[in-house]
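Sequence lines, in order, name chains A and B. According to my numbering, the first sequence is numbered sequentially starting from 12. According to my numbering, the second sequence is numbered sequentially starting from 8. Note sheet for the following structure.
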Amino acid sequence: ETGVTQTPRHLVMGMTNKKSLKCEQHLGHNAMYWYKQSAKKPLELMFVYSLEERVENNSVPSRFSPECPNSSHLFLHLHTLQPEDSALYLCASSQGLAGLDEQFFGPGTRLTVL
Amino acid sequence: AQRVTQPEKLLSVFKGAPVELKCNYSYSGSPELFWYVQYSRQRLQLLLRHISRESIKGFTADLNKGETSFHLKKPFAQEEDSAMYYCALSGNAGGTSYGKLTFGQGTILTVHP
Chain A
12 ETGVTQTPRH LVMGMTNKKS LKCEQHLGHN AMYWYKQSAK KPLELMFVYS
62 LEERVENNSV PSRFSPECPN SSHLFLHLHT LQPEDSALYL CASSQGLAGL
112 DEQFFGPGTR LTVL
Chain B
8 AQRVTQPEKL LSVFKGAPVE LKCNYSYSGS PELFWYVQYS RQRLQLLLRH
58 ISRESIKGFT ADLNKGETSF HLKKPFAQEE DSAMYYCALS GNAGGTSYGK
108 LTFGQGTILT VHP
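This is the structure:
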């Protein structure tokens with residue numbers, strides 16, 4: 012598979028569950044991102060990693076916990092979520108963190124919290 | 008703070024008509040601006056960036072710093088242009104050392120036959 016892949020594509024979970032979203036990029040990029048896309052809001056940046064180091068935590072609640080074990084993989088661990096966390100979660104990667112670097116997006120994980 | 012505003016959530020035109028998707032931004036520094044597009048059942052992808060000054064799929068966008076705008080234009084719309092379009096700004100506001108990408112709310116363009 013080329014580009015940026017995300018699994019699972021759909022996830023339904025209860026508020027007490029613990030689940031993880033996975034993102035993998037096959038582009039040799041050094042930076043990876045998590046975005047949240049809600050129905051009535053713009054795409055919101057959640058986390059940024061560069062060379063496995065977190066460089067941005069955009070005021071995201073602690074019930075979202077990112078992990079970047081290497082430059083190709085990014086996880087988003089979820090626990091005790093709220094129904095308002097239901098959204099499309101997009102992963103992206105870029106060559107570096109420069110402002111001009113194009114971001115390549117995955118297909119997203121559609122999360123529903125019951 | 009950096010902010011991007013796309014005033015039109017929906018835009019409908021007929022094939023062959025000109026189309027303009029509006030984007031205004033708020034940023035204290037010198038911004039880098041982009042248009043991203045998401046076609047039906049496809050992932051979000053870069054359409055063009057202002058610094059390239061290029062035309063992609065017939066689309067152009069000019070950065071107007073006086074009006075803080077970066078409108079996307081195409082003289083003759085095609086049905087395959089129907090998609091969701093996002094304007095995005097990259098800046099290093101807030102003391103960050105990298106380009107943080109801020110997206111507008113998006114405009115759904117529908118081109119009717």
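Glycine included, each C-beta is placed from N, C-alpha and C at the ideal position.
When you compare the CB positions of Leu54(B) and Phe66(B), do they come within less than 8 angstroms of one another, or not? As a working note, residue 54(B) is residue 47 in the second sequence. As a working note, residue 66(B) is residue 59 in the second sequence. Yes. Within cutoff.
Looking at the strands, I want to know which residues DSSP matches up with Gly98(B). Here residue 98(B) refers to the residue found at position 91 when the second sequence is read from its first residue. Beta-bridge partners assigned by DSSP to Gly98(B): Lys107(B).
Closer than 8 angstroms to chain A by CB, Tyr194(B): No answer is possible for residue 194(B): the residues shown for chain B start at 8 and end at 120.
Identify, in the order they occur along the chain, each residue of the same chain with its Cβ nearer than 6 angstroms to the Cβ of His84(A), setting aside the five sequence neighbours on each side. By 1-based counting over the first sequence, the position of residue 84(A) is 73. Answer for His84(A): Glu35, listed in chain order.
Taking the alpha-carbon of Ser97(A) as reference, which of Ser76(A), Glu63(A), Ser49(A) has the nearest alpha-carbon? Taking the first sequence and counting its residues from 1, one reaches residue 97(A) at position 86. For Ser97(A), the nearest C-alpha among the options comes from Ser49(A).
What span of residues does the beta strand (DSSP E) with Arg121(A) cover, start to end? Translated into the one-based positions of the first sequence, residue 121(A) becomes position 110. Here the beta strand (DSSP E) through Arg121(A) covers 120-124.
Coarse secondary structure for His119(B), derived from DSSP in three states: Translated into positions along the second sequence, residue 119(B) becomes position 112. Here His119(B) sits in strand by DSSP.
Sequence-distant residues of its chain with Cβ nearer than 8 angstroms to Val20(B) (five each side left out): For the purposes of this step, residue 20(B) is taken as the residue at position 13 of the second sequence. In chain order, Val26, Ala84, Leu116, Thr117, Val118, His119 place their CB closer than 8 angstroms to the CB of Val20(B), counting only its own chain and leaving out the 5 sequence neighbours on each side.
Since Tyr93(B) contacts Leu79(B) with CB under 8 angstroms, what's their CB separation in whole angstroms? To locate residue 93(B), count along the second sequence from 1; it is residue 86. To locate residue 79(B), count along the second sequence from 1; it is residue 72. Rounded, the Cβ-Cβ distance is 10 angstroms, inconsistent with contact.
Residues of the region 43-54 of chain A whose Cβ lies closer than 7 angstroms to any Cβ of chain B, in chain order: Here the close residues are Pro53, Leu54.
Does chain B have any CB closer than 8 angstroms to the CB of Glu113(A)? The residue labelled residue 113(A) in the question sits at position 102 within the first sequence. Answer yes: the Cβ-Cβ gap between Glu113(A) and chain B drops below 8 angstroms somewhere.
So, does the CB of Gly98(B) fall closer than 8 angstroms to a CB anywhere in chain A? What you label residue 98(B) is simply residue 91 of the second sequence in a count that begins at 1. So yes, Gly98(B) belongs to the interface.
Three or more C-beta pairs below 8 angstroms linking the region 13-29 of chain A and the region 54-64 of chain A: No: fewer than three Cβ pairs fall under 8 angstroms.
Is the CB-CB distance between Gly113(B) and Gln9(B) below 8 angstroms? Counted from its first residue, the second sequence places residue 113(B) at position 106. Counted from its first residue, the second sequence places residue 9(B) at position 2. No. Outside cutoff.
Does any CB atom of chain A fall closer than 8 angstroms to the CB of Gln9(B)? Working through the second sequence from its first residue, we reach residue 9(B) at position 2. No - not a single Cβ of chain A is within 8 angstroms of the one on Gln9(B).
Touching or not, the region 40-55 of chain A and the region 17-30 of chain A, by the rule of three or more beta carbon pairs under 8 angstroms? They do not touch, by the three-pair rule.
What does Phe110(B) reach in chain A if we use C-beta pairs closer than 7 angstroms? In the second sequence, residue 110(B) corresponds to position 103, counting from 1. Result: Pro53, Leu54.
Short-range partners of chain B found in the region 79-101 of chain A, where Cβ spacing is below 8 angstroms: Against chain B - using a Cβ distance shorter than 8 angstroms - the residues of the region 79-101 of chain A are Leu101.
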